[in-house]
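Worksheet: the structure to be examined is printed underneath.
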Ligand SMILES: Cc1ncc(COP(=O)(O)O)c(C=O)c1O
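In the working numbering, the protein residues as written are 5 to 421.
Below, the structure written as structure tokens:
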């Protein structure tokens, strides 16, 4: 420890400058996160730099909001240009950027219409509202009785309605009373979904890959079976692609892996290029037409800055290079982490540039692995005890990924010896 190094409540020693930022943040901002003790000041591509000038490979990428990397040149240029023109109109007026964004996102999703919002949770709320209204007005569900099937282990955001169907006690404790009308079933269990559907069911809401759950995938064929079931039972298939979509899994949408098209896509995170919160749902006209003036909205949703960035995001995705790179990174992660099963890892799940590793809990927790990686210049985030998830920006190089694999291997080897 140098003279300027001071210990914080977390294990790693940090500089006085870093400690001052952490202390002020902890003093004045609510403690709704438990960050690693690193204070970031700059980012470029797959790398970030802290206030002491130390570089880190960013293997969280803003929970996949930074799929295109930090300070992506194309996105920053579009944002800068739009900042100098017009940033907010509200939807009380039209703006000259929303039309192009809506058309582009409809093209990308193959859907007729979008409804733009800001955060992911708002888009999920929007999908819930649209599904319920469709249930009453189109399907004919008796007033006030709509139910939505949800999956155990889900993560869809933090609003009171959304945590109402979460089974994570930390996310729900102290927030009752909850919103009713949700029925949880085992993730990936098509029989359980089928049994839970009745005449009040308007939608099945699911993540094609559960990101916060630890990059958990349903059994092969589940998405296809769910598509068939929803069609047969006249229930909306609502895919939350906020974290799994927009090239993270190696395809534009994770549902593409089974050639499945849901009735509603929910998108967020990378839609704003890591620059600005941009979210949306996309659906066909017969579903989206239940929305009428005044029945839903947001001051910032569809604003010209968001729309300009989102349009460029779609243009980048339409080129297909990020999806291809994600697949390449995935192959490297799989080849690197796979052999560690039985050598410190109990399971490895990889889909595109997205990996969840389960560490033998007797060796270390996910938090301890994250701290050990941080000491080696890699930032990652634990989720659920002994699981760590890796989601590097899709601009990460082969050397970057090789460095991540080596670091994890060496940390596990040291822990086992
Ligand atoms: C699948 C999924 N849905 C919804 C959300 C909520 O998005 P936001 O944090 O932007 O509200 C998240 C965030 O991690 C997510 O992973």
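C-beta atoms are modelled at their ideal positions from N, C-alpha and C, and glycine is treated no differently.
Asked	Found
Cβ contact (3+ pairs, closer than 8 Å) linking the region 249 to 259 and the region 205 to 224	yes
By C-beta, the residues closer than 6 Å to any heavy atom of ligand 1, given in chain order	67, 123, 124, 125, 128, 159, 160, 161, 211, 215, 216, 244, 246, 247 and 272
Status (buried if at least 16 other CB within 10 Å, exposed otherwise) for residue 5	Note that residue 5 scores 36 on pLDDT, short of 50, meaning its location in the model is unreliable and no value can be drawn from it.
Where the beta strand (DSSP E) through residue 120 begins and ends	117 to 121
Rounded straight-line distance, which links the Cα of residue 286 to that of residue 316	17 Å
Per-residue burial, residue 390 [other beta carbons within 10 Å of its own, 16 or more giving buried]	buried
Where the beta strand (DSSP E) containing residue 172 begins and where it ends	Run containing residue 172: none; DSSP gives neither H nor E here.
Alpha-carbon to alpha-carbon, residue 254 and residue 288	25 Å
For residue 113, three-class secondary structure by DSSP	helix
Residue of 302, 218 and 374 minimising C-alpha distance to residue 359	218
Extent of the continuous alpha helix (DSSP H) run through residue 411	402 to 420
Pairwise C-alpha distance: residue 65 and residue 31	26 Å
Distance CB(residue 265)-CB(residue 275) smaller than 7 Å	no
Residue from 279, 196 and 406 with nearest C-alpha to residue 1	Because residue 1 is not part of the residues shown, which for the chain are 5 to 421, the question remains open.
Sequence-distant residues of its chain with Cβ nearer than 8 Å to residue 54 (five each side left out)	22, 42, 43, 44, 45 and 60
Rounded C-alpha distance that separates residue 388 from residue 37	14 Å
Given residue 51 as reference, the closest of 258, 407, 412 and 371 once Cα atoms are compared	407
DSSP-derived helix/strand/coil call for residue 341	helix
Cβ separation of residue 153 and residue 128, assumed to be a contact under 8 Å, to the nearest whole Å	The Cβ separation is near 14 Å, so there is no contact.
Nearest to residue 174 (by Cα), restricted to the options 420, 112, 159 and 62	159
Residue 375 vs residue 16 beta-carbon contact at 7 Å	yes
Segment limits, beta strand (DSSP E) that includes residue 385	385 to 387
Of the listed residues 83, 262, 198 and 385, nearest to residue 223 (C-alpha basis)	262
Cβ-Cβ distance between residue 373 and residue 363 below 7 Å	yes
Three-state secondary structure assigned by DSSP to residue 372	helix
Check whether residue 102 and residue 311 have beta carbons under 7 Å apart	yes
Euclidean distance between Cα positions of residue 10 and residue 95	Confidence is the limiting factor: at residue 10 the pLDDT is only 41, short of 50, which leaves the residue's position unreliable and the question unanswerable from this model.
Per-residue burial, residue 35 [other beta carbons within 10 Å of its own, 16 or more giving buried]	exposed
Cα-Cα separation, residue 353 to residue 313	32 Å
Length of the line joining the Cα atoms of residue 170 and residue 162	9 Å
Whole-Å CB distance - residue 99 paired with residue 308, under 8 Å assumed	4 Å
Residue of 361, 221 and 139 minimising C-alpha distance to residue 293	139
Assumed close pair residue 277, residue 97 - CB separation to whole angstroms, cut-off 8 Å	With 8 Å as the limit, residue 277 and residue 97 do not qualify as a contact, their Cβ atoms being about 25 Å apart.
Proximity below 7 Å, CB of residue 56 to CB of residue 19	yes
CB of residue 397 within 7 Å of CB of residue 79, strictly	no
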